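Everything in the sequence shown is counted per this note's numbering, starting at 3 for the first residue and increasing by one.
Glycine included, C-beta positions come from ideal geometry on N, C-alpha and C.
These figures come from a predicted structure and were not determined experimentally.
Comments concern the structure below.
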Amino acid sequence: MTTSLAAAACAVLRAGEPEDKVALSHRIAQEWRGGKLAPGGVVWLPDRPARPALPLLKPPRDMKRRRAAGSREGRIALLHALAHIELNAIDLAWDLVARFGGPNLPREFFDDWIGVAEEEAKHFSLVARRLAAFGARYGDLPAHDGLWEAAEATASDLLARLAVVPLVLEARGLDVTPAMIERLERSGDHDSAAVLQVLLADEIGHVAVGVRWFRWECARRGVEPAATWRALVERHFKGALKPPFNDGARQAAGMEREFYAAIAALAR
Ligand SMILES: [Fe+2]
Ligand SMILES: [Fe+2]
Numbered sequence: 003m004t005t006s007l008a009a010a011a012c013a014v015l016r017a018g019e020p021e022d023k024v025a026l027s028h029r030i031a032q033e034w035r036g037g038k039l040a041p042g043g044v045v046w047l048p049d050r051p052a053r054p055a056l057p058l059l060k061p062p063r064d065m066k067r068r069r070a071a072g073s074r075e076g077r078i079a080l081l082h083a084l085a086h087i088e089l090n091a092i093d094l095a096w097d098l099v100a101r102f103g104g105p106n107l108p109r110e111f112f113d114d115w116i117g118v119a120e121e122e123a124k125h126f127s128l129v130a131r132r133l134a135a136f137g138a139r140y141g142d143l144p145a146h147d148g149l150w151e152a153a154e155a156t157a158s159d160l161l162a163r164l165a166v167v168p169l170v171l172e173a174r175g176l177d178v179t180p181a182m183i184e185r186l187e188r189s190g191d192h193d194s195a196a197v198l199q200v201l202l203a204d205e206i207g208h209v210a211v212g213v214r215w216f217r218w219e220c221a222r223r224g225v226e227p228a229a230t231w232r233a234l235v236e237r238h239f240k241g242a243l244k245p246p247f248n249d250g251a252r253q254a255a256g257m258e259r260e261f262y263a264a265i266a267a268l269a270r
């Protein structure tokens, strides 16, 4: 019997330990490519994915400001925050596949998002390895509890999910990562900087996948992409979209400046 892809994706969301989420992500990607999983499937999805007992999740306002990136503690704090983002990104990718991946979608939709999920798993492992090099591990510090909010706010509409998660949040990653790389280089931590370079290159691809399927879904619904994006962001995203933008990386992901300039101009 062929398992459904949705059931497989759901298993990642139900796994509490990061190591299990990572291992399952790679296994499911392999099974998908081997034709062992059928797209679609009906599953009961958790509102929030299972997580390990640690880190302690704190409301964003209770998070301590990051220490200077140059110090050992500062680098551990940065890597820990990144590990947390990547773990959320693994769940976000599988949640999208399980929640919105009906059998009427083209095979490339699944190829793309499973590819994203697998890369997020790789990112978590890369960052966890850097933490280990400092004698630290994911769970040592408290982490931001706000990251799943965007998923909850957009749980009922694929277009809204794409508008906020890849097109706002992952695109924001493109804007802020180069400065982190520079700080790490300046402090002499070339190994962590190299890991962030890999993340940045891959994330351009994730934003590109987001743009591709956002445009595809807009075309299917017969709506205009830029205006639709703006309306969805206004409705579902509480934060601000503000410069400086990494225009080069955004363009490489297929995001034209006019596409986000109108949103950036919105006063919030
Ligand atoms: Fe990532
Ligand atoms: Fe990503």
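By the Cβ-count criterion, residue 193 is exposed, with fewer than 16 other Cβ atoms from all chains shown falling within 10 Å of its own Cβ. Of the residues 28, 89 and 214, the one whose Cα lies closest to the Cα of residue 52 is 89. Pairing residue 202 with residue 179 gives a Cβ-Cβ distance under 9 Å. With a cut-off of 8 Å on Cβ pairs, the region 246-258 is in contact with the region 196-213, counting three or more such pairs. In this structure, residue 5 sits away from residue 58, with a CB-CB distance that is not shorter than 9 Å. Of all alpha-carbon atoms in 266, 208 and 72, the one lying nearest the alpha-carbon of residue 235 is that of 266.
Distance check between residue 8 and each of 33, 18, 20 and 44 places 44 closest, using alpha-carbon atoms only. Below 8 Å, enough C-beta pairs join the region 109-121 and the region 22-37 to call them touching: three or more. Ranked by Cα distance from residue 198, the options 155, 217, 133 and 49 are led by 133.
Annotation for residue 140: no alpha helix (DSSP H) segment contains it, and DSSP assigns it neither H nor E. At the C-beta level, residue 263 and residue 206 stay beyond 9 Å of one another.
Taking a cut-off of 8 Å on C-beta distances, the region 76-88 touches the region 129-148, as three or more cross pairs fall below it.
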